[in-house]
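In my numbering, the protein residues as written are -5 to 280. Accompanying notes for the structure given below.
Dropping the structure here:
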């Protein structure tokens, strides 16, 4: 794909992003649920994911060649990470939308209608980032031509240290929250502890890398599966916990931001979109 082709697709994606935002707003305005504040929160987080596509499309209209794509590539990476991070609160809030007169049930129809534009927006954000990556690599070659450089490995190890420290702080905060919350919430907060410890585990893994190839083998993106599995617990505690539940949700979301950020940073260092289980074409130490 050339820069000009990417620019033309940007116009289409900007229009699609605007349409997806309107879709979410209309559904939130006309849908009837048993807990309207949760619906509003679901629509707000989902609408922000759709706005990432709109913003990416508008930026893409400024890409006229590969040089412009290289200058603006990090904008698409940031938008991709933002969309990924915001998808989690959407997922959590959506799992708490209740039908009218049926507390505790899931308003499946409303959730599905809202999920279609949000999931579409997430896919478009990921594809935009991949497309601009391919434009830059196709014109200028690998992002990391010397992936065995010791400086790159030391930066990844520094990222691992940051994850350990930040994740430990979040975990301690979740434990402290468990002591001041009602006893019946402790089981739900165990999920929060698991999520906030995930950056610590990832950080310990990255702190041992010796080169970019070994960092790529860590399969960093797989760590995001853990908070996805804890989505119901996050939504449940946030909905019944008042201020403590909101704090719990903020701590879990902080762990999500760390994991998404680490995924993108490691990918920037490795310069790869390849799946970790595929043989690497470069960067393996000889």
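Don't be surprised by glycine CBs; every beta carbon is placed ideally from N, CA and C. Just so we're clear, the structure is a prediction, and the values are computed from it rather than from any experiment.
Assigned with DSSP and collapsed to three states, residue 76 falls in helix. A distance below 8 Å separates the beta carbons of residue 161 and residue 194. Here the stretch 71 to 91 makes contact with the stretch 43 to 51; the two share three or more CB pairs at distances below 8 Å.
At a Cβ-Cβ threshold of 8 Å, residue 206 and residue 147 count as neighbours. Nearest neighbour of residue 104 by Cα position, chosen from 17, 187 and 202, turns out to be 17. One Cα belongs to residue 219, the other to residue 254, and the distance between them is close to 11 Å.
The continuous alpha helix (DSSP H) containing residue 31 extends over residues 30 to 54. For residue 212 against residue 200, the beta-carbon gap comes to about 6 Å, under 8 Å, which counts as contact. Residue nearest to residue 185 within the set 175, 198 and 168 is 168 (criterion: CA-CA distance).
With a threshold of 16 other beta carbon atoms within 10 Å, residue 261 meets it and is buried. Residue 167: member of the alpha helix (DSSP H) spanning 144 to 174, first to last residue.
The three-state reading of DSSP puts residue 221 in helix, counting H, G and I together. Taking a 10 Å sphere around the C-beta of residue 33, we find 16 or more other C-beta atoms and assign the residue as buried.
Remark: three or more beta-carbon pairs, one from each stretch, lie closer than 8 Å, so the stretch 10 to 25 and the stretch 36 to 45 are flagged as touching.
Between residue 130 and residue 63 a beta carbon distance of about 5 Å is seen, short of the 8 Å cut, so the two are scored as contacting.
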